[in-house]
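In the UniProt record's numbering, the protein residues as written are 1 to 334.
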């Protein structure tokens, strides 16, 4: 019963949160120093053409009427047409979203694989040679920008060593599109050539996003484990002869997972910004790359649509983090 109430509470809060998000995006679009009608019509458009755009998109109506129309359009999934692709923005985003989700998931896995175990070991063996070695190996990426890391990876592993592809999502390999997720589709089709190509293409972009995040996760996990190691309960367990391995596996790892899941939620915005940068540099066909191209071409509807999508994903991720954390540590369910 507590679980049902907890879940319902989180889902109910989604409604006002998403409404506030849509309202904020609408307000920001109307307080821009540039007239939306001019952006849509183009800088070289005549006065008559601009007025036609205003009339077509109801920009000549009162703000409350414009807002009501925007709410109705968003509720029905109508985000307008892209001025660049000449396709519905919702369709453009839908076709590119799997690539972004796939890259984000692999990046999170890299951050978790490198960050959590090394953070636990650093916390258990704090100030030891192992602690210093692991921290230097991962934290070296903490102060570097995604842009710099991406360029260096391309120069070293693609141009100089020719180990991994420079850009793109998959090579010139035929692959049936089941889900839009290339890694999953290649597995479902048992197409190992396509799978190898997809892994090779996603490696550098995912490492570019995942390694800086792993540094943050490691530092956070290390501090969390060090604090737990000082508790009377764990000191008593260690004094009673409980091995370090059991302490790490039974107590520290699970507790650090709950804290780290919260950290992933807090760093979601930073990761989203990283995805936009990395997708552009590696020409990854995701929503971030689409957003940058839309900004370059002053594609008003596409920029608005991406902003709404990014905000919605961030809200959904925050709710998911709360639910996952409650699954790991049910004591937080109220």
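Note that CB positions come from ideal geometry on N, CA and C, so glycine has one too. These numbers come from a predicted model, not from an experiment.
Around residue 18, the same chain offers 312 and 315 as residues with beta carbons nearer than 8 Å, after the five sequence neighbours per side are excluded. For residue 88, the beta-bridge partners assigned by DSSP are 81. DSSP, read as helix, strand or coil, puts residue 40 in helix. In this structure, residue 176 places its C-beta atom within 9 Å of the C-beta atom of residue 185.
Counting C-beta pairs with one atom in each stretch, the stretch 146-154 and the stretch 280-294 have three or more that are closer than 8 Å, which means they touch. Going by C-alpha positions, residue 157 is about 47 Å away from residue 12. A direct Cα-to-Cα measurement between residue 76 and residue 91 gives close to 13 Å. Between the alpha carbons of residue 211 and residue 197 lies a gap of roughly 22 Å. Of the residues assessed, residue 201 falls on the buried side of the cut-off, its CB having 16 or more other CB atoms within 10 angstroms. DSSP, read as helix, strand or coil, puts residue 50 in helix.
By the neighbour-count criterion, in which 16 or more other beta carbons inside 10 Å mark a residue as buried, residue 299 falls on the buried side. For residue 225, the three-state secondary structure derived from DSSP is helix. If you look at residue 298, you'll find it isn't in any alpha helix (DSSP H); DSSP assigns it neither H nor E.
Per the coordinates, the alpha-carbon of residue 111 lies some 20 Å from the alpha-carbon of residue 323. Counting of Cβ neighbours within 10 angstroms places residue 179 among the exposed residues, the total staying below 16. In this structure, the alpha-carbon of residue 9 lies about 14 Å from that of residue 321. Of all C-beta pairs linking the stretch 44-64 to the stretch 101-109, fewer than three are shorter than 8 Å, placing the two stretches out of contact. For residue 201, the three-state secondary structure derived from DSSP is helix. The Cβ-Cβ distance between residue 114 and residue 217 falls below 9 Å.
Annotation: the continuous alpha helix (DSSP H) that includes residue 129 extends over 129-139.
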